[in-house]
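Per numbering that gives the first Met the number 0, the very first residue in the sequence shown carries number 0; after that it's consecutive.
Glycine is no exception: its CB is placed at the ideal position from the N, C-alpha and C atoms.
Because the structure is a prediction, the values reported are computed rather than measured.
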Amino acid sequence: MRPRYLTTVSNPKRCLVSPVLARADVTAAVFRLEFEWPGPAPGAGQFFMLKVQRGGTFLPRPISVYRWDAPSRRLSFLILKKGRGTVELGQLRAGEEVTLTGPLGNRWGPFFSPAFSAAGGAAGGAPGRAVALVGGGIGIAPLSAFGDELGGGFDVYAGFRSGSFGLESLSKKADTLVIASEDGSEGRKGRIPDFVEYRDRPCVFACGPLPMLRAVADRCGAVGVPCYISMETTMACGVGACLGCTVTTAGGNRRCCADGPIFPAEEIFPARPSASDGPIFPAEDIFPARGMI
Ligand SMILES: Cc1cc2nc3c(=O)[nH]c(=O)nc-3n(C[C@H](O)[C@H](O)[C@H](O)COP(=O)(O)OP(=O)(O)OC[C@H]3O[C@@H](n4cnc5c(N)ncnc54)[C@H](O)[C@@H]3O)c2cc1C
Ligand code: FES
C-alpha cells in the first residue's frame, strides 16, 4: 500500500494518507512510528498533524519530525503516550493508515549561523564552545532531528524524569552528551537546566516542559547567550487558521503553529523587573495584556 495524496494544503504543505511502515516500543510510554513521505522534505523543528484514519479522535495531534531520511523518504516520529490521541497512535499496527499534514511550522536551522559561532559567539563570548541542544523528556525528539541536520559540532543536555530515550542518533553525533534524571536512574541526579554550561555559547536551543524552558531561558539571559525554544500548545488546525494555539509574546499574540513553534526565548519570557528595581511596578509591566484570542 502506497501513500496517497488527499490535498495540497498550501505550498509546500501536503496532506496525505500514509500506512504505518513500522512501529516500535521505545519505553513503556514512548513509541516510534515510521512512514513513507513523498511530499516536500521536512526540516528539523517542523512538525506534522497526525490523525488515525479510522480512529475515534476528531482533531489531529501535532508531532515533531524525529528522523527524516531523504534517500528513502522515511519519516519517523517519537511519541509519548499522554492522552487519548497519542494512545490511539500507539495502538496502530503496520499497514494501518494515518493522515499526515505537513511539514508545518518553522525550523531550528535559520536561527543558527555557523559564521556567527566562528566569530566568537554572542555578546562577545569567547570562541570555542559549541552550540547546546537542551531537551526535556519527549522534547528531545525535534532536537534529535536538528542534530542530524547539524551533523556534529554541538553539545547535548538531555533531562528525563526516569531513565532516558531518543538519544540513539544524538549520542553518536554530539561532542558532549550530558544526561540527567530526576530519580537518578540515569546520568546525573537532578534537573537538566542545572547541568548546562551556558557561558560563551553561540546559542542554546531548547525543547521540553515550560518550567524547564523558563529555567534555560533565564540562565541564557543572565549570561547574554541567545536562546531559542520550541513551544508546545494544543492545536486544532495546525496551519494558522483557527487561532487555537495562540501564545502571548512580548510582540503580541502569535500562532504557535504558523509563527512558531520555535521562538526567541525573550519573546516568550520577557525580562522581569528585578527586586532591586523597586517593589512597586505598573501592573501591565508584570502582567502584559493577553489580548483577544
Ligand atoms: C509543535 C509540537 C510538536 C510536538 N511534538 C511532539 C512529539 O514529537 N512527540 C510527542 O509525543 N508529543 C509532541 N507534542 C505534544 C503532543 O502534540 C501532545 O502530547 C498531544 O497532542 C496530546 O494529545 P493526547 O490526545 O494524547 O493528550 P490529551 O492530553 O488527552 O489531549 C489533549 C486534551 O486536550 C484536548 N485537546 C487536544 N487538542 C485540543 C484542541 N486543539 N482544542 C481543545 N482541546 C484539545 C483533547 O481532547 C484532550 O482532552 C508536540 C506538540 C506540539 C505543539
Ligand atoms: S492550530 Fe489553528 S491556528 Fe494554530
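Cβ-based neighbour list, residue i, same chain, cut-off 7 Å, excluding 5 preceding and 5 following
i	result
Arg254	Gly239, Leu242, Cys244, Thr245
Pro11	Pro39
Thr85	Arg60, Ile78, Leu79
Arg3	Leu15, Val16
Glu266	Thr248, Ala249, Gly250
Close beta carbons around residue i, own chain, < 8 Å, minus the five adjacent residues each side
i	result
Ser168	Arg66, Ser143, Gly146, Asp147
Glu87	Val51, Gly54, Gly55, Thr56
Leu5	Cys14, Leu15, Val16, Thr98
Ala21	Arg31, Leu32, Glu33, Ala93
Cut-off 6 Å between Cβ atoms - residues of its own chain near residue i, not counting five sequence neighbours on either side
i	result
Ala264	Ala216, Cys226, Ile228
Val29	Leu79, Phe164
Phe76	Leu32, Ile62, Tyr65
Ile178	Ala157, Ser163, Glu185, Gly186
Gly124	Interpretation of Gly124 is limited by its pLDDT of 42, a score under 50 that renders its predicted location unreliable; no figure is taken from the coordinates.
Gly44	Arg106, Trp107, Pro141, Ile261
Glu181	Arg160
Phe110	Tyr227
Pro269	Ala249
Ala102	According to the sequence as given, residue 102 is Pro; it is not Ala. Taken in chain order, the residues that qualify are Pro41, Gln45.
Simplified DSSP state of residue i, which is helix, strand or coil
i	result
Ser75	strand
Ala118	The pLDDT assigned to Ala118 is 46, lower than 50, so where the model puts this residue is not dependable; a value taken from the coordinates is nonetheless given after this. Ala118 falls in the coil class under three-state DSSP.
Cys255	helix
Ser161	coil
Ala174	Looking at the sequence itself, residue 174 is Asp, so the reference to Ala does not match. Three-state result, Asp174: coil.
Val130	strand
Phe153	strand
Burial state of residue i, where buried means 16 or more other Cβ atoms lie within 10 Å
i	result
Gly183	exposed
Ala114	Because Ala114 carries a pLDDT of 47, less than 50, the predicted location of this residue cannot be relied on, and no value is offered for it.
Phe57	exposed
Arg200	buried
Thr248	buried
Alpha-carbon to alpha-carbon, residue j and residue i
i	j	result
Arg160	Gly55	30 Å
Trp36	Leu209	31 Å
Val155	Asp193	14 Å
Val224	Gln90	42 Å
Thr100	Ile279	48 Å
Val19	Gly38	16 Å
Gly151	Glu196	18 Å
Lys50	Ile137	19 Å
Gly220	Thr26	35 Å
Leu132	Lys172	12 Å
Val130	Phe46	22 Å
Phe34	Gly237	19 Å
Gly104	Gly189	32 Å
Arg92	Gly250	44 Å
Asp174	Phe153	6 Å
Those residues which DSSP pairs with residue i across a bridge
i	result
Arg187	Ala179
Ser229	Cys206, Ile261
Leu49	Arg60, Leu99
Phe30	Asp24, Ile78
Asp68	Arg73
Arg3	Val16
Asp147	According to DSSP, Asp147 bridges with nothing at all.
Gly135	Gly158
Val238	DSSP output for Val238 lists no bridge partner at all.
Val215	Its beta-bridge partners do not exist; DSSP assigns none.
Glu167	DSSP, once it has assigned bridges, lists no residue as partnering Glu167.
Chain D within 9 Å of residue i, Cβ atoms only
i	result
Gly151	The chain labelled as chain D is not found in the depicted structure, where only one protein chain is given.
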